[in-house]
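The structure appears right after this line, and notes come after that.
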Amino acid sequence: MIQHSNPPGRAATAIAAVLAASPAVAALSAKELAKLAQNPVGNRVSMPFQNNTNLNFGPERKTRNVLNIQPVNTQLSACYNVVTPDNGANWQIRAQLPFMFPQ
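The following block contains the structure:
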């Protein structure tokens, strides 16, 4: 079950904004590219996956598999940042994908 806190239209708008901003990276000067090359870890995207498998789950004693995907705050491009407020909750996208397998 995937829970949406925002309408799907907002997600499409955000994706379009990221794709539109991607040519800005190609327009960087040699000095800016050299600075980015000095710190390759700074632009890394971290997206941890957590997979939980429950054996003999429920009255039918099936196997349940739940995959959690939690992206970490990241810089989207040279012009846009995704940040969390210092006094607020962490930015997270949670999706649960339950699978039931027969024994």
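In the numbering used here, the protein residues as written are 78 to 180. Even for Gly, the Cβ is constructed at its ideal location relative to N, Cα and C.
Pairwise C-alpha distance: Glu-109 and Ile-146: 32 Å
Would you mind reading off the limits of the alpha helix (DSSP H) that contains Gln-115? 107-115
Identify the residues that DSSP records as bridge partners of Gln-127: which are they? Asn-145
Is the CB-CB distance between Asn-128 and Leu-113 below 7 Å? Result no, Cβ atoms of Asn-128 and Leu-113 do not sit closer than 7 Å.
Close-in-space but distant-in-sequence residues of the same chain around Asn-131 (CB under 6 Å, 5 per side omitted): Arg-141
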